[in-house]
Ligand code: SF4
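Residue numbers (our numbering): 37 to 523.
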């Protein structure tokens, strides 16, 4: 019987988490731990490549980290360098061949490569290579980078990587390795995060600092936009391979993607989210009996709202953490159950109460309407929705899977119309200036494109996923996750 992901929580989805380590014979086990800490960034597939100075071995597969790796297999992944990856993808591009790291052989040896993000010129590069006779085995942008490295005439692995990265455009945090060198790189705008850590002489690279914490590594700094670091037995070498084009870290890392215990740009994510909730409470107060957040990403903002408003915080919704990624394909009527299976209101807490419901974003509005309904069915007297970010109006082209613009409810409806659609008593979004104040930056300091439509990196028409959807290709998810499968 077919299985399919059906638990569509109507949130923007992070596509990937990357992890790398150099300098320990426990490299594969430590990467396993790092990937477990990054599991929230992708649950579809996981992979670890390990090098021992001579050869790279790879194990990857579909599923959670704990499903893909059995303890006995970890022992066969011996080596002192490792690269790991967790991936999210929608059903249409759910392919084992797209699991990362990607392992290839080229004239200078083996290359294992994993990345988080989306290359905006991948389509053009791929087309060019295919016209020249190249064969691609995956639909992933990562393979385009591998081809660029392989085609480079650089004299060394390092030169080839730098030359390849200078040819790609878009958003990426990349971790790669040869048989003896670990590489970490970030795009010139720094859209996707990548942190550098140190533990007992080892160097560690990870999408988020929570993965450094998981192994007790010290967070040294974030990799700079356009920077490439190489780690080998001579130590760490940093190259400003691409000119820095700006600071445009994805603002949604703060709002939704990153784990609350991670730090970004020196700020703790939980603290920022709590501040967003406080600001919402000051700007849009309401008389209520309790505040609750949509678990897990909105709990921090909800607790900030509750503290500021002096209204008790309550666990009004319980999340089922054990649903897993897949479910037997339901009939249309069973689809109605998916939100109920995932979130259950605590009736004894909710009944007869005026509830403030805090969430981080509304993408299409479907899930929020279900949740408001759940609260009303549980006996809520009033439901006041507060969103800890501005209206989400534009699709992401930098590695986040969102709906096409026409499906984004805020792109076609005003706030009052959205309120009516979701059935809330009141609805307010946090204004953009408040969000920017909370993260301590001006508009130039982050990518805000899903709120403003101003994309820091040029988005060629061919990379916009709705182009494919409009052409009738329902499997199109090319706008996110470095996956151009529908092109
Ligand atoms: Fe993040 Fe939105 Fe920019 Fe995409 S468009 S990188 S989700 S801020």
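No residue lacks a Cβ here, since even glycine has one placed at the ideal position from N, Cα and C.
Since the model is a prediction, treat every value here as computed from it, not as a measurement.
*Which of helix, strand or coil does DSSP assign to residue 328?*
Here residue 328 is taken as the residue at index 292 of the chain shown, counted from 1. Strand.
*Which ranges would you report for the beta strand (DSSP E) in the region 287-333 if only whole runs of at least 3 residues count?*
326-329
*asked:* Just list the residues that DSSP pairs residue 419 with in beta bridges.
replied: The count along the chain shown starts at 1 and reaches residue 419 at position 383. DSSP lists 391 as partners of residue 419.
*asked:* When you measure from the CB of residue 483 to every non-hydrogen atom of the ligand SF4, does any distance come out below 7 Å?
replied: Translated into positions along the chain shown, residue 483 becomes position 447. The ligand SF4 has a heavy atom closer than 7 Å to the beta-carbon of residue 483.
*Flag residue 434 as yes when its Cβ comes closer than 7 Å to any non-hydrogen atom of the ligand SF4, and as no otherwise.*
One-based indexing of the chain shown puts residue 434 at position 398. Yes.
*Hey, could you find the ends of the beta strand (DSSP E) residue 241 is sitting in?*
Position 205 of the chain shown, counting from 1, holds the residue named residue 241. Run containing residue 241: 238-242, per the beta strand (DSSP E) assignment.
*Which of helix, strand or coil DSSP assigns to residue 52*: Taking the chain shown and counting its residues from 1, the one referred to as residue 52 is at position 16. In the three-state reduction of the DSSP assignment, residue 52 falls in the strand class.
*What do you get for residue 61, buried or exposed, if any count of 16 or more other CB atoms within 10 angstroms of its CB means buried?*
Counted from its first residue, the chain shown places residue 61 at position 25. Under this definition residue 61 is an exposed residue.
_Which of the three DSSP states is assigned to residue 134 in this structure?_
Counted from its first residue, the chain shown places residue 134 at position 98. Three-state DSSP puts residue 134 in a helix.
*Got a sec, what are the start and stop residues for the alpha helix (DSSP H) residue 456 sits in?*
Walking along the chain shown from the start, residue 456 turns up at place 420. Where residue 456 is concerned, the enclosing alpha helix (DSSP H) stretches over 451-458.
_Would residue 337 and residue 313 qualify as a contact pair, given that the criterion is a beta-carbon distance under 8 Å?_
Translated into positions along the chain shown, residue 337 becomes position 301. Translated into positions along the chain shown, residue 313 becomes position 277. The answer is yes: Cβ separation under 8 Å.
_Can you give me the C-alpha to C-alpha distance between residue 331 and residue 434, rounded to a whole angstrom?_
Numbered from its first residue, the chain shown carries residue 331 at position 295. Numbered from its first residue, the chain shown carries residue 434 at position 398. Whole-angstrom Cα-Cα distance: 25 Å.
*First through last residue of the alpha helix (DSSP H) which encompasses residue 408*: For the purposes of this step, residue 408 is taken as the residue at position 372 of the chain shown. Note, residue 408: alpha helix (DSSP H), 402-413.
*Nearest CA to the CA of residue 333: which residue from 485, 289 and 272?*
Reading the chain shown from its first residue, position 297 is the one you call residue 333. Checked all of 485, 289 and 272; the closest Cα to residue 333 is 289.
*What residues match up with residue 146 in a beta bridge as DSSP calls it?*
Within the chain shown, residue 146 is the residue found at index 110, counting from 1. Residue 146 pairs with 141.
*Terminal residues of the continuous alpha helix (DSSP H) containing residue 67?*
By one-based count along the chain shown, residue 67 stands at place 31. Per DSSP, residue 67 belongs to the alpha helix (DSSP H) from 63-73.
_7 Å CB neighbourhood of residue 453 in its chain, flanking five on each side removed_ = Looking up residue 453 in the chain shown gives position 417. Nothing meets the Cβ criterion.
*Could you tell me which uninterrupted beta strand (DSSP E) segments, each at least 3 residues in length, are contained entirely in the region 153-208, listed from first to last along the chain?*
Taken in chain order, the complete beta strand (DSSP E) segments of 3 or more residues contained in the region 153-208 number zero; there are none.
*From residue 200 to residue 63, what distance separates their C-alpha atoms?*
Working through the chain shown from its first residue, we reach residue 200 at position 164. Working through the chain shown from its first residue, we reach residue 63 at position 27. Between residue 200 and residue 63, the C-alpha separation is close to 26 Å.
_Outcome for residue 490 when other beta-carbon atoms lying within 10 angstroms are tallied against a minimum of 16_ = Your numbering for residue 490 matches position 454 in the chain shown. Burial call: exposed.
*Of the residues 462, 65, 477 and 456, the one placed nearest residue 300, counting alpha carbons only*: Counting from one through the chain shown, the residue named residue 300 turns up at place 264. Nearest option by C-alpha distance: 477.
*residue 448 classed as buried or exposed, judged by whether at least 16 other C-beta atoms fall within 10 angstroms*: Position 412 of the chain shown, counted from the start, is the residue given in the question as residue 448. Counting Cβ neighbours within 10 Å, residue 448 comes out exposed, since fewer than 16 surround it.
*Any idea what DSSP makes of residue 29, helix, strand or coil?*
Residue coverage of the chain in this structure runs from 37 to 523, which leaves residue 29 outside it and unanswerable.
*Using the beta-carbon count (16 or more within 10 Å), is residue 121 buried or exposed?*
The residue labelled residue 121 in the question sits at position 85 within the chain shown. That one is buried.
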